[in-house]
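Numbering (my numbering), first residue to last: 13 to 108. From the three backbone atoms N, C-alpha and C, an ideal C-beta is built for every residue, glycine too. Just so we're clear, the structure is a prediction, and the values are computed from it rather than from any experiment. Below is one structure, written out as structure tokens; the observations come after it.
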């Protein structure tokens, strides 16, 4: 019955979405770093691109963190519905 709950589907979907946003943020961070290392002196176009990428990366990272937080809370709701407690300190919960 625990694995047939709709809360499980919602929890997994939101957590997976958060990983997608955080992975995109990591890729944007690498791209920003490479642009920063490749820019020469006086390259205002590259500097502007770095600033835009930095703002975009910040927004993507905040979205990923929000999804991760909401997904963790939804996991607690699912656990409470399935086992009658939000947190049980078992190894799977703790390491996740």
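So for residue i, helix, strand or coil by DSSP?
i: residue 30; result: helix
i: residue 37; result: helix
i: residue 51; result: coil
i: residue 94; result: helix
i: residue 19; result: helix
i: residue 87; result: helix
i: residue 107; result: helix
i: residue 102; result: coil
With a cut-off of 8 Å on the beta carbons, I'd call residue i and residue j a contact; round off their distance for me.
i: residue 95; j: residue 20; result: So it is not a contact: roughly 12 Å between Cβ atoms.
i: residue 33; j: residue 76; result: 3 Å
i: residue 41; j: residue 69; result: 6 Å
Exercise. Just checking, does the segment 21–37 make contact with the segment 49–64 on the three C-beta pairs under 8 Å criterion?
Worked result: no
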